[in-house]
Amino acid sequence: MDGYGGGYNYGDWGPGMMYGGGHEWFLGLFAFLGPLILLVVLWSLVWKGLALWHAARRGQYWWFVILLVVNTLGILEIIYLFFVAKLKINELFSVKEHHHNH
66 MDGYGGGYNY
76 GDWGPGMMYG
86 GGHEWFLGLF
96 AFLGPLILLV
106 VLWSLVWKGL
116 ALWHAARRGQ
126 YWWFVILLVV
136 NTLGILEIIY
146 LFFVAKLKIN
156 ELFSVKEHHH
166 NH
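Using the numbering used here, read the sequence shown as starting at 66 and increasing by one per residue.
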C-alpha cells in the first residue's frame with residue numbers, strides 16, 4: 066500500500082508505464098528519432114559545408130565565422146548561398162574561381 070488507499074507506488078508512473086514498465090519506451094523513441102536525427106545532421110552538414118566552402122573561396126571571412134558558429138539547420142547557409150553569394154544550383158559544386166564580393 067502507498068498510504069493513500071491505492072495499491073500502487075507513485076514512483077512507477079512515467080513513460081515506461083505505457084509498455085508495462087521498464088525502459089522499452091526509450092528504445093521505441095530512439096528507433097523513431099534516431100533516423101530522423103541522422104537525416105537532420107546530414108542535411109545540416111551538407112549545407113554548412115557548401116556555405117563554408119563558398120564563403121572561404123570568396124574571401125568572405127565574416128560570413129565564414131558566422132556560418133561556422135551559428136547552427137540553423139541549414140537555413141542561414143541556404144540564405145547565404147542563394148541570396149548573398151547569388152549562386153545557382155549548378156554552381157554549388159563548381160570548382161571555378163569565385164568573384165570576391167565583400
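Positions of the beta carbon are idealized from the N, C-alpha and C atoms, including for glycine. Given the structure is predicted, the values throughout are model-derived calculations rather than measurements.
Distance, residue j Cα to residue i Cα
i: N155; j: N136; result: 25 Å
i: G99; j: W90; result: 14 Å
i: Y126; j: L132; result: 10 Å
i: R123; j: F158; result: 14 Å
i: I144; j: F129; result: 13 Å
i: V160; j: E142; result: 18 Å
i: L146; j: A121; result: 12 Å
i: F97; j: V134; result: 29 Å
i: A150; j: H88; result: 49 Å
Cβ-based neighbour list, residue i, same chain, cut-off 7 Å, excluding 5 preceding and 5 following
i: F148; result: none
Local conformation of residue i per DSSP, three classes
i: H167; result: Its pLDDT being 49, under 50, H167 is placed unreliably by the model, and the measurement read from it follows with that caveat. Looking at H167 - three-state DSSP - the assignment turns out to be coil, as it is neither helix nor strand.
i: F95; result: helix
i: G139; result: coil
i: V160; result: coil
i: K151; result: coil
Contact with chain D by residue i, beta-carbon distance below 8 Å
i: I131; result: Looking at the structure shown, chain D is missing, and only one protein chain is on hand.
Span of the alpha helix (DSSP H), counted from its first residue to its last, around residue i
i: Y126; result: Y126 to V134
Beta-carbon proximity list for residue i, same chain, < 8 Å, skipping 5 on both sides
i: G139; result: W108, S109, V111, W112 and K113
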